[in-house]
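Visitor: Per this note's numbering, residue 1317 is the first one in the sequence shown, and the count goes up by one each step.
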Amino acid sequence: MHVVKAEAIPVELQLNEPFVITNQTIEVADNILIRLETDSGVVGWGCSTPDIVTSETKETVLANFKVAKRLVLGCDPTRINLVNFILDTEFRGNPSLKAGINIALYDILGKISEMPLYRFLGGYRQKILTSVTIGLNLTDLMVKKAREIVSKGFKSIKIKCGLNVNEDIENIIAIREAVGIEIKLRLDANEGYSVEDALRLVHNLEENNIPIEILEQPTKAAHLYSLKDIANQCSVPIMADETALTLRDNVKLVKLEIADMINIKLMKIGGITNAIKANTLAELADVPTMVGCMNESIVAMSGGVHFACAFRNVQYADLDSILDFRNDIAKGGARYEEGYVIPSDKPGLGVEIQL
Ligand SMILES: [Mg+2]
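1) Within the present structure, is the beta-carbon of N1579 separated from the nearest heavy atom of ligand 1 by less than 7 Å?
2) Give me the DSSP bridge partner(s) of L1521.
3) Give me the Cβ distance between E1486 and T1455, rounded to the nearest whole Å; I'm assuming they're in contact under 8 Å.
4) Taking contact to mean 3 or more Cβ pairs, one atom from each stretch, closer than 8 Å, check whether the region 1387-1397 and the region 1559-1573 are in contact.
5) Regarding E1532 and ligand 1, is the C-beta to nearest heavy atom distance less than 7 Å?
6) Could you tell me which whole beta strand (DSSP E) segments of length 3 or greater appear in the region 1365-1453?
7) Does the separation of the CB atoms of L1635 and G1620 fall below 8 Å?
8) Taking the C-alpha atoms as reference points, what is the distance between A1505 and V1518?
9) Hey, how far is the Cα of L1515 from the Cα of C1550?
10) N1566: beta carbon under 7 Å from a heavy atom of ligand 1?
11) Between L1433 and G1426, what straight-line distance do the alpha-carbon atoms span, to the nearest angstrom?
12) Assuming contact is defined by CB atoms lying nearer than 8 Å, are S1371 and I1350 in contact in what I supplied?
13) Which word fits Q1533, buried or exposed, when buried means at least 16 other C-beta atoms lie within 10 angstroms of its C-beta?
14) Terminal residues of the continuous beta strand (DSSP E) containing G1648?
15) What separation, rounded to the nearest whole angstrom, lies between the Cα atoms of Q1631 and E1353?
16) Using DSSP with H/G/I as helix, E/B as strand and the rest coil, what is Q1533?
17) For M1617 versus A1650, is the C-beta distance shorter than 8 Å?
18) Along the beta strand (DSSP E) that carries T1596, what are the first and last residues, could you check?
19) Can you tell which of L1329, Y1509 and K1476 has the C-alpha that lies nearest to the C-alpha of Y1343?
20) Does at least one heavy atom of ligand 1 sit under 7 Å from the Cβ of G1608?
21) L1543 to A1420, Cα distance in whole Å?
22) What is the residue span of the beta strand (DSSP E) that E1668 lies within?
23) In angstroms, rounded to a whole number, what distance separates the CA positions of A1624 and A1538?
24) Going by Cα to Cα distance, which pick from K1647, E1323 and M1458 is closest to V1336?
25) Under 7 Å from any heavy atom of ligand 1, does the C-beta of D1557 make it?
26) Here's the rule I'm using: 16 or more other beta-carbon atoms within 10 Å means buried, otherwise exposed. How should T1341 be labelled?
27) Am I right that M1577 and P1604 are in contact with their C-beta atoms under 8 Å? What's the rounded C-beta distance?
28) Would the C-beta of D1504 count as close to ligand 3, meaning under 7 Å from any of its heavy atoms?
29) Return yes when the Cβ of N1418 is within less than 8 Å of the Cβ of N1380, no when it is not.
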């Protein structure tokens, strides 16, 4: 079996409202669909979602896809480890481009095997609880969003913070009062704090009896040891996100015992093959992982859902990007029920493209 056709199709997904975090505001999400076709007519879909975090744009993905295409055409799509090695060797960086291709190869593999991808990968669980994220905004609007999320049955909220500790504390207390004790709260500062800021936030919330499930990337990615500093001085588990881009980063985090948890995103690590390696590495070091997402279409996010459900050590999910789009380009892949995200039971990713 060979790949005979490879296409990259850019799509712009409009967000319902601008999404604000510490370092950027997003109104339109660029996604690049990857379509691979085999000589036997099987079509695999993947998707690249470039982001400032991985130093990629729509333009870099499309330009580098032309080179990647030459490497992928003629390959046996079932030899994913070989294709992954070739792409990782030929391209420095470009993780979302590689992720798009890698997800499409796994879609083909699932379709040929007539198995949903999460089961093909080992099928540890059939669904996973997910948080839904609230971007930075005025307190009232963040509370309104929190109520909406809970009214839709979600049981976990991820609150963006990191611009101003006092305002963040105010937002978190107001959201806790609005949603009640049953709802889990996670925080993500996107590198916005100093060690002192982060500790002040955590200790203040402790005094207010507000349990926090996870504090994600409080400090700058480049300040590797600051995560460990915070983790050593507080009881809230500290999760690495921007610090954990490449496989090499993950090795470093685990070896130096920098963080309590790691956020694996397919777009950062370069696809499912590398995500499996990163998660195994973390599991052997007793570091639980979360699968998160960028502003990903259902095609990309479904890859994350299938991956998250396949492995025991993926204990958390933050797979909510599709809730924010006015116009997605596919159906299926994954659905939400009572706070859980559930992968499709159709072969492969189970997505149906509607361009
Ligand atoms: Mg994050």
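C-beta: ideal position from N, C-alpha, C; glycine also. This structure is a prediction, so every number in the text was calculated from the model and none was measured.
Guide: On the basis of the coordinates in this document:
1) Mapped onto the sequence shown, residue 1579 falls at position 263. Yes; taking the cut-off as 7 Å, the Cβ of N1579 has a heavy atom of ligand 1 nearer than that.
2) Position 205 of the sequence shown, counted from the start, is the residue given in the question as residue 1521. In DSSP, L1521 forms no bridge with anything.
3) Residue numbering aside, residue 1486 sits at position 170 when the sequence shown is read from its first letter. Residue numbering aside, residue 1455 sits at position 139 when the sequence shown is read from its first letter. Between the beta-carbon of E1486 and that of T1455 there is about 6 Å, and that keeps the pair under the 8 Å contact cut.
4) No, because fewer than three Cβ pairs between the region 1387-1397 and the region 1559-1573 fall closer than 8 Å, the two stretches do not touch.
5) Start at 1 with the first residue of the sequence shown, and residue 1532 comes out as number 216. At least one heavy atom of ligand 1 is nearer than 7 Å to the Cβ of E1532, so yes.
6) The region 1365-1453 is shown to contain whole beta strand (DSSP E) runs of 3 or more residues at 1448-1450, in chain order.
7) Residue numbering aside, residue 1635 sits at position 319 when the sequence shown is read from its first letter. Residue numbering aside, residue 1620 sits at position 304 when the sequence shown is read from its first letter. Cβ distance < 8 Å, so L1635 and G1620 count as in contact.
8) Within the sequence shown, the letter at position 189 stands for residue 1505. Within the sequence shown, the letter at position 202 stands for residue 1518. Answer to the nearest angstrom: the Cα atoms are 12 Å apart.
9) For the purposes of this step, residue 1515 is taken as residue 199 along the sequence shown, with counting starting at 1. For the purposes of this step, residue 1550 is taken as residue 234 along the sequence shown, with counting starting at 1. Distance between the alpha carbons of L1515 and C1550 is about 7 Å.
10) If you number the sequence shown from 1, residue 1566 lands on position 250. Remark: the C-beta of N1566 is outside contact range of ligand 1, defined as less than 7 Å to any heavy atom.
11) Against the sequence shown, residue 1433 aligns to sequence position 117. Against the sequence shown, residue 1426 aligns to sequence position 110. Their backbone Cα atoms lie some 5 Å apart in a straight line.
12) Taking the sequence shown and counting its residues from 1, the one referred to as residue 1371 is at position 55. Taking the sequence shown and counting its residues from 1, the one referred to as residue 1350 is at position 34. No, the Cβ-Cβ distance between S1371 and I1350 is not below 8 Å.
13) Taking the first residue of the sequence shown as position 1, residue 1533 is located at position 217. That one is buried.
14) The residue given as residue 1648 occupies position 332 in the sequence shown. First-last of the beta strand (DSSP E) with G1648: A1646 to G1648.
15) Locating residue 1631 in the sequence shown gives position 315, where the first residue counts as 1. Locating residue 1353 in the sequence shown gives position 37, where the first residue counts as 1. If you draw a straight line from the Cα of Q1631 to the Cα of E1353, it is about 34 Å long.
16) Translated into the one-based positions of the sequence shown, residue 1533 becomes position 217. Looking at Q1533 - three-state DSSP - the assignment turns out to be coil, as it is neither helix nor strand.
17) In the sequence shown, residue 1617 corresponds to position 301, counting from 1. In the sequence shown, residue 1650 corresponds to position 334, counting from 1. If you check the CB distance, M1617 and A1650 come in under 8 Å.
18) As a working mapping, residue 1596 is identified with position 280 in the sequence shown. No beta strand (DSSP E) holds T1596; the alpha helix (DSSP H) holding it covers I1588 to L1600.
19) In the sequence shown, residue 1343 corresponds to position 27, counting from 1. The amino acid occupying residue 1343 in the given sequence is Glu; Tyr does not appear at that position. The shortest Cα separation from E1343 among L1329, Y1509 and K1476 belongs to L1329.
20) For the purposes of this step, residue 1608 is taken as the residue at position 292 of the sequence shown. Checking every heavy atom of ligand 1 against the Cβ of G1608, one is found closer than 7 Å.
21) In the sequence shown, residue 1543 corresponds to position 227, counting from 1. In the sequence shown, residue 1420 corresponds to position 104, counting from 1. Answer to the nearest angstrom: the Cα atoms are 35 Å apart.
22) Here residue 1668 is taken as the residue at index 352 of the sequence shown, counted from 1. Looking at the DSSP string, the run of the beta strand (DSSP E) that includes E1668 is V1667 to I1669.
23) Numbered from its first residue, the sequence shown carries residue 1624 at position 308. Numbered from its first residue, the sequence shown carries residue 1538 at position 222. C-alpha separation (whole angstroms): 27 Å.
24) In the sequence shown, counting from the first residue as 1, residue 1336 sits at position 20. Ranking K1647, E1323 and M1458 by CA distance to the CA of V1336 puts M1458 first.
25) Your numbering for residue 1557 matches position 241 in the sequence shown. Checking every heavy atom of ligand 1 against the Cβ of D1557, one is found closer than 7 Å.
26) By one-based count along the sequence shown, residue 1341 stands at place 25. Burial check for T1341: the Cβ neighbour count within 10 Å stays below 16, so the residue is exposed.
27) Stepping through the sequence shown from its first residue, residue 1577 is reached at position 261. Stepping through the sequence shown from its first residue, residue 1604 is reached at position 288. Yes, M1577 and P1604 are in contact; Cβ-Cβ is about 5 Å, under 8 Å.
28) Absence of ligand 3 from the depicted structure is noted, with ligand 1 being the only ligands included.
29) Locating residue 1380 in the sequence shown gives position 64, counting from the first residue. Locating residue 1418 in the sequence shown gives position 102, counting from the first residue. Going by C-beta atoms, N1380 is not nearer than 8 Å to N1418.
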